[in-house]
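For the protein sequence lines, the chains are P and B, in the order given.
Position 62 of the first sequence, counting from 1, maps to 62 under UniProt numbering, and the rest follow consecutively.
Position 4 of the second sequence, counting from 1, maps to 4 under UniProt numbering, and the rest follow consecutively.
Cβ atoms here follow ideal geometry from the backbone N, Cα and C, with glycine treated the same way.
What follows is a short report on a single structure.
Protein chains: 2
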Amino acid sequence: MARAVLVPLWLCWALGCAAPPNVVLLLMDDMGWGDLGAFGEPSKETPNLDQMASEGMLFLDFYAANPLCSPSRAALLTGRLPVRNGFYTTNAHARNAYTPQDIVGGIQDSEILLPELLKKAGYTNKIIGKWHLGHRPQFHPLKHGFDEWFGSPNCHFGPYDNRALPNIPVYRDWEMIGRYYEDFKIDLRTGEANLTQIYLQEALDFISKQQASQQPFFLYWAIDATHAPVYASKHFLGTSQRGRYGDAVREIDDSVGKILKHLQKLGISENTFVFFTSDNGAALISAPKQGGSNGPFLCGKQTTFEGGMREPAIAWWPGHIPAGSVSRQLGSVMDLFTTSLSLVGLQPPSDRQIDGIDLLPAILQGKLIDRPIFYYRGNEMMAVRVGLYKAHYWTWSNSWEDYSKGIDFCPGQNVSGVTTHLQEEHSTLPLLFHLGRDPGEKYPLSLQLHPSSPAASPTFHVVSWSSEQCQMHIMNPA
Amino acid sequence: MARAVLVPLWLCWALGCAAPPNVVLLLMDDMGWGDLGAFGEPSKETPNLDQMASEGMLFLDFYAANPLCSPSRAALLTGRLPVRNGFYTTNAHARNAYTPQDIVGGIQDSEILLPELLKKAGYTNKIIGKWHLGHRPQFHPLKHGFDEWFGSPNCHFGPYDNRALPNIPVYRDWEMIGRYYEDFKIDLRTGEANLTQIYLQEALDFISKQQASQQPFFLYWAIDATHAPVYASKHFLGTSQRGRYGDAVREIDDSVGKILKHLQKLGISENTFVFFTSDNGAALISAPKQGGSNGPFLCGKQTTFEGGMREPAIAWWPGHIPAGSVSRQLGSVMDLFTTSLSLVGLQPPSDRQIDGIDLLPAILQGKLIDRPIFYYRGNEMMAVRVGLYKAHYWTWSNSWEDYSKGIDFCPGQNVSGVTTHLQEEHSTLPLLFHLGRDPGEKYPLSLQLHPSSPAASPTFHVVSWSSEQCQMHIMNPA
Numbered sequence: 001m002a003r004a005v006l007v008p009l010w011l012c013w014a015l016g017c018a019a020p021p022n023v024v025l026l027l028m029d030d031m032g033w034g035d036l037g038a039f040g041e042p043s044k045e046t047p048n049l050d051q052m053a054s055e056g057m058l059f060l061d062f063y064a065a066n067p068l069c070s071p072s073r074a075a076l077l078t079g080r081l082p083v084r085n086g087f088y089t090t091n092a093h094a095r096n097a098y099t100p101q102d103i104v105g106g107i108q109d110s111e112i113l114l115p116e117l118l119k120k121a122g123y124t125n126k127i128i129g130k131w132h133l134g135h136r137p138q139f140h141p142l143k144h145g146f147d148e149w150f151g152s153p154n155c156h157f158g159p160y161d162n163r164a165l166p167n168i169p170v171y172r173d174w175e176m177i178g179r180y181y182e183d184f185k186i187d188l189r190t191g192e193a194n195l196t197q198i199y200l201q202e203a204l205d206f207i208s209k210q211q212a213s214q215q216p217f218f219l220y221w222a223i224d225a226t227h228a229p230v231y232a233s234k235h236f237l238g239t240s241q242r243g244r245y246g247d248a249v250r251e252i253d254d255s256v257g258k259i260l261k262h263l264q265k266l267g268i269s270e271n272t273f274v275f276f277t278s279d280n281g282a283a284l285i286s287a288p289k290q291g292g293s294n295g296p297f298l299c300g301k302q303t304t305f306e307g308g309m310r311e312p313a314i315a316w317w318p319g320h321i322p323a324g325s326v327s328r329q330l331g332s333v334m335d336l337f338t339t340s341l342s343l344v345g346l347q348p349p350s351d352r353q354i355d356g357i358d359l360l361p362a363i364l365q366g367k368l369i370d371r372p373i374f375y376y377r378g379n380e381m382m383a384v385r386v387g388l389y390k391a392h393y394w395t396w397s398n399s400w401e402d403y404s405k406g407i408d409f410c411p412g413q414n415v416s417g418v419t420t421h422l423q424e425e426h427s428t429l430p431l432l433f434h435l436g437r438d439p440g441e442k443y444p445l446s447l448q449l450h451p452s453s454p455a456a457s458p459t460f461h462v463v464s465w466s467s468e469q470c471q472m473h474i475m476n477p478a
Numbered sequence: 001m002a003r004a005v006l007v008p009l010w011l012c013w014a015l016g017c018a019a020p021p022n023v024v025l026l027l028m029d030d031m032g033w034g035d036l037g038a039f040g041e042p043s044k045e046t047p048n049l050d051q052m053a054s055e056g057m058l059f060l061d062f063y064a065a066n067p068l069c070s071p072s073r074a075a076l077l078t079g080r081l082p083v084r085n086g087f088y089t090t091n092a093h094a095r096n097a098y099t100p101q102d103i104v105g106g107i108q109d110s111e112i113l114l115p116e117l118l119k120k121a122g123y124t125n126k127i128i129g130k131w132h133l134g135h136r137p138q139f140h141p142l143k144h145g146f147d148e149w150f151g152s153p154n155c156h157f158g159p160y161d162n163r164a165l166p167n168i169p170v171y172r173d174w175e176m177i178g179r180y181y182e183d184f185k186i187d188l189r190t191g192e193a194n195l196t197q198i199y200l201q202e203a204l205d206f207i208s209k210q211q212a213s214q215q216p217f218f219l220y221w222a223i224d225a226t227h228a229p230v231y232a233s234k235h236f237l238g239t240s241q242r243g244r245y246g247d248a249v250r251e252i253d254d255s256v257g258k259i260l261k262h263l264q265k266l267g268i269s270e271n272t273f274v275f276f277t278s279d280n281g282a283a284l285i286s287a288p289k290q291g292g293s294n295g296p297f298l299c300g301k302q303t304t305f306e307g308g309m310r311e312p313a314i315a316w317w318p319g320h321i322p323a324g325s326v327s328r329q330l331g332s333v334m335d336l337f338t339t340s341l342s343l344v345g346l347q348p349p350s351d352r353q354i355d356g357i358d359l360l361p362a363i364l365q366g367k368l369i370d371r372p373i374f375y376y377r378g379n380e381m382m383a384v385r386v387g388l389y390k391a392h393y394w395t396w397s398n399s400w401e402d403y404s405k406g407i408d409f410c411p412g413q414n415v416s417g418v419t420t421h422l423q424e425e426h427s428t429l430p431l432l433f434h435l436g437r438d439p440g441e442k443y444p445l446s447l448q449l450h451p452s453s454p455a456a457s458p459t460f461h462v463v464s465w466s467s468e469q470c471q472m473h474i475m476n477p478a
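Given below as structure tokens:
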């Protein structure tokens with residue numbers, strides 16, 4: 001560990017002074033910031049994840065790259081915003097890109113994915129669970145750097161009639177080995193499905209195999225039990241105070257504990273970097289039975305309020321990360337791309353814009369790197385966070401039409417002029433919040449472009465703003 | 001510790017096998033469930049309180065006895081609901097009792113306060129901070145069991161003109177030694193006041209004195225820095241991401257850390273039971289600048305939603321309480337009365353109804369004691385919690401009249417038919433919530449008195465209900 005502080009890790013790996021670490025990314029589906037005990041879930045039913053945090057580093061300000069799964073996942077694996085990697089829509093304003101079963105698009109060959117780069121460094125790469133970057137053969141994960149796959153191109157939606165729409169297929173590598181609801185049972189009535197157990201066993205087996213072969217590995221464990229319709233295996237059903245959603249969380253918590261213990265048992269925990277996070281905020285449209293919690297934050301999935309994009313996040317790497325540490329670094333799932341490369345001693349591609357940053361200085365040395373967070377819906381940048389300030393250029397929850405049908409992205413919450421059902425533009429005078437004093441985005445600050453006098457409450461100049469360059473500077477004259 | 005498990009503590013003390021422990025109650029003012037890092041505050045700025053939790057026991061389901069300070073404090077010290085100890089109003093329906101400076105009432109001589117009982121067992125009792133149980137001489141804390149007092153009969157409201165209304169006095173024992181804003185400065189503009197430092201020093205000095213004299217003690221540390229107008233001393237001002245309220249919390253966090261370290265340094269931590277909690281939920285009418293956070297819960301102070309009465313709570317007693325434990329025991333500030341007596345080996349008075357229960361089986365042996373929680377406003381029982389179910393018999397946030405003036409007990413929150421601005425009665429068919437699946441009280445369960453058929457979603461029989469006996473039974477036929 002001392003050596004890691006003295007010599008940059010990539011240099012150390014390059015010089016051959018240690019083997020590059022394995023990388024395990026545990027990506028949850030629709031899990032919210034407030035779903036873990038360590039983040040204040042009132043039932044505190046995640047002892048393994050809480051222990052992971054107490055042995056590693058908790059990130060308080062970690063973000064999805066988009067409030068919807070496909071673009072967020074594409075961003076994670078490319079290190080690039082969805083507006084760069086193509087996962088956005090232009091058919092209507094501020095619409096997030098989703099890849100339903102019958103979509104013809106997917107991740108482009110021109111994009112360079114994390115496993116493609118790791119493969120060149122001798123890594124074996126496996127994806128377990130949900131891919132979500134395209135259904136057609138050219139988008140198959142094994143065409144984009146992964147060596148192994150066990151899982152599906154989409155969520156476990158269904159069951160379908162298998163005529164107009166087939167059930168979602170499940171793959172082992174190139175082979176389709178079955179379909180959800182048919183070969184992989186999900187009982188929508190009881191919520192019983194043993195998929196998380198299958199995904200867990202896949203992970204344990206892969207880790208064992210790699211350890212035996214002494215090959216470094218990248219494991220992308222993208223399970224989906226917390227995406228509606230939520231499920232858990234029989235052993236966990238009915239065990240949570242939180243209902244079926246909580247049962248799914250408990251099974252995931254147990255599984256993460258088993259993965260970490262497996263790494264320890266095999267003696268490779270100090271050479272395996274593990275990161276736990278989620279693809280977007282809790283889907284409040286499915287709450288409370290099928291959706292999670294965004295804690296004290298505003299709204300949920302699909303929105304660019306904090307509840308839509310702030311994620312639970314824990315880094316774990318015994319012997320390297322100080323146990324029980326907490327980081328206020330603004331982080332993004334896109335940083336997992338750049339950080340993983342850095343761990344391995346690789347540089348990100350230089351022929352394109354990479355939005356993810358290397359978090360290792362924050363993780364290993366407790367540094368705070370100055371960087372903004374951009375909140376997109378589709379190809380519209382709705383908001384920007386700089387430090388503790390967040391400026392909304394557009395506000396929108398969902399349309400009056402959808403809302404009148406009972407679709408509510410912000411149930412029980414209503415902030416006048418903020419959780420708007422019309423798309424409201426504030427580009428001239430952004431709606432400004434201080435997320436330290438007001439994490440729930442309930443109290444917009446009055447923004448004075450030219451304050452006549454210093455005031456007790458802070459005032460702000462927006463000195464430059466360019467949506468093209470995705471840059472904003474906020475100055476506090478006080 | 002093993003002995004404490006084998007022999008009831010009171011029996012052990014009675015048999016003389018160990019000295020009875022000191023009791024320290026750290027009671028915060030208007031601090032909310034969501035204000036501590038350990039409870040998910042997104043800035044996580046309470047390292048000392050979080051460490052207290054990691055060394056002790058965190059209570060997730062601990063409640064104030066009332067959503068307002070005076071009745072809640074009267075209940076804590078008497079172990080009795082405000083409707084029994086007299087701290088309620090009858091001048092209007094569901095109005096909480098408050099003791100402004102010019103009130104003529106206060107705690108009755110017929111009530112038996114915790115320090116009165118502890119004094120008989122040889123304890124020296126000190127209150128530091130806010131009393132709030134009456135201004136007139138007959139209500140003075142030293143007439144009700146306390147041996148020492150440093151503090152005030154009320155909050156630090158003001159400044160007043162000292163003609164129509166004098167500034168709030170500050171007492172040392174029987175002597176009025178000054179007044180807020182005059183002799184004890186509070187700068188409302190900057191928020192600077194060194195009161196918490198004074199209260200801290202009083203606590204440290206008292207503990208040192210008692211330790212030196214080998215006398216057991218009860219310290220009731222009832223500070224008020226988090227009650228609007230919030231304040232902090234110069235060293236802490238501007239240090240929090242959360243603004244001035246956060247500065248006050250940081251100073252309190254630092255002070256609690258110093259008190260615990262002082263106990264350890266004096267070698268009496270294993271013989272001192274410490275409990276940290278608050279008198280009611282965060283005052284959202286003062287948020288965000290002067291009010292705290294109730295985390296994911298609904299509304300705040302003055303209301304009987306979870307945000308009004310669920311409190312942060314930590315028990316700390318090294319060598320006795322298993323470090324890092326978490327309790328789901330339904331607890332109340334009234335239990336601190338009965339639990340403190342139990343610690344000392346005393347029985348609660350048998351000539352009256354005591355509502356507080358002995359939490360020692362929960363704290364020392366991890367037991368779960370079946371008991372309800374009653375939510376009162378004034379003399380109206382608004383709601384009852386039994387297990388994870390909460391039934392509202394009355395709903396009310398505040399009046400339309402107050403709300404139209406901008407007084408909002410539930411800012412940014414609006415649950416149709418729940419956060420009502422009219423007092424709405426549901427006694428015939430209580431509004432039922434499941435606090436595990438829905439801690440935010442956003443999704444009332446449909447209550448079917450006579451379900452015709454078993455359904456996938458649970459249904460409930462209210463089999464008996466008596467407001468007089470304050471009892472309710474809920475059966476789940478599924």
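Beyond the five residues adjoining it in sequence on each side, Met382(P) comes within less than 8 Å, by CB distance, of Ala94, Thr304, Tyr375, Tyr376, His392, Tyr393, Trp394, Thr395, Trp396 in the same chain, given in chain order. Between the segment 41-56 of chain B and the segment 190-210 of chain B, the count of C-beta pairs closer than 8 Å stays below three; the two stretches do not touch. Ile314(B) places its beta carbon less than 7 Å from that of Gly56(B).
Taking a C-beta cut-off of 7 Å against chain B, the contacting residues of the segment 425-442 of chain P are Gly436, Arg437, Asp438, Pro439, Gly440, Lys442, listed in chain order. Under the 7 Å criterion on CB atoms, Lys44(B) is classed as interfacial with respect to chain P. Between Tyr245(P) and Val230(P), the gap from beta carbon to beta carbon is short of 7 Å.
In the three-state DSSP reduction, Thr338(B) falls in the helix class (H, G or I). With a threshold of 7 Å between beta carbons, Val326(B) makes contact with chain P. Assignment of Asn85(B) by DSSP, reduced to helix, strand and coil, places it in the helix class. In the three-state scheme derived from DSSP, where H, G and I count as helix and E and B as strand, Tyr199(B) is classed as helix.
Looking at the DSSP output, Val249(B) shares a beta bridge with no other residue.
The beta carbon of Gly331(P) sits closer than 8 Å to those of Phe59, Asp61, Phe62, Tyr63, Ala313, Leu359, Ala362, all from its chain and outside the five residues before and after it, given in chain order. Closer than 9 Å at the C-beta level to chain B, one finds these residues of the segment 287-300 of chain P: Ala287, Pro288, Lys289, Ser293, Asn294, Gly295, Pro296, Phe297, Leu298. Contact of Gln51(P) with chain B is not assigned, every C-beta pair being separated by 7 Å or more. Against chain B, the beta carbon of Arg73(P) has no neighbour under 7 Å; the closest one sits roughly 25 Å away. With its beta carbon at least 7 Å from every one in chain B, Pro67(P) lies outside the interface. Shown here for Leu298(P): same chain residues with a beta carbon closer than 8 Å to its own, the five before and five after excluded, namely Phe305, Glu306, Gly307, Cys410, Gln413, Val415, Val418, Thr419, Gly440, Glu441, Lys442 in chain order. Considering only beta carbons, the part of the segment 403-424 of chain P lying closer than 7 Å to chain B consists of Pro411, Gly412, Gln413, Asn414, Val415, in chain order. Of the candidates Gln101(P), Ser110(P), Ala121(P), Gly122(P), the residue whose Cα lies closest to the Cα of Trp131(P) is Gln101(P). The beta-carbon distance between Pro318(P) and Phe218(P), rounded to whole angstroms, is 19 Å. This is too long to meet the 8 Å contact definition.
Against Gly243(P), the close residues of chain B are His434, Gly436, Arg437, Asp438, in the order they occur along the chain (beta-carbon pairs closer than 9 Å). It is roughly 16 Å from the alpha-carbon of Gly366(B) to the alpha-carbon of Asp335(B).
7 Å or more divides the Cβ of Gly122(P) from the Cβ of Thr338(P). In this chain, the beta strand (DSSP E) harbouring Met28(P) covers 22-28. Within the segment 357-376 of chain B, not one residue has a Cβ closer than 8 Å to any Cβ of chain P. Following the DSSP letters along the chain, one finds Arg371(P) in no alpha helix (DSSP H), marked with neither H nor E.
Residue-level contact check: Leu388(B) touches chain P, since one or more beta carbons of chain P fall below 7 Å from its beta carbon.
Gly158(B) places its beta carbon less than 7 Å from that of Tyr181(B). Any Cβ of chain B closer than 7 Å to the Cβ of Phe150(P) would place that residue at the interface, and such an atom is absent. Between the beta-carbon of Gly436(P) and that of Gly243(B) there is about 7 Å, and that keeps the pair under the 8 Å contact cut.
In the DSSP assignment, Arg385(P) is bridged to Ile373(P), Lys390(P).
Using a C-beta cut-off of 8 Å, the segment 81-90 of chain B makes no contact with the segment 160-177 of chain B, since fewer than three inter-stretch Cβ pairs fall below that distance.
In this structure, the alpha-carbon of His227(B) lies about 12 Å from that of Pro288(B).
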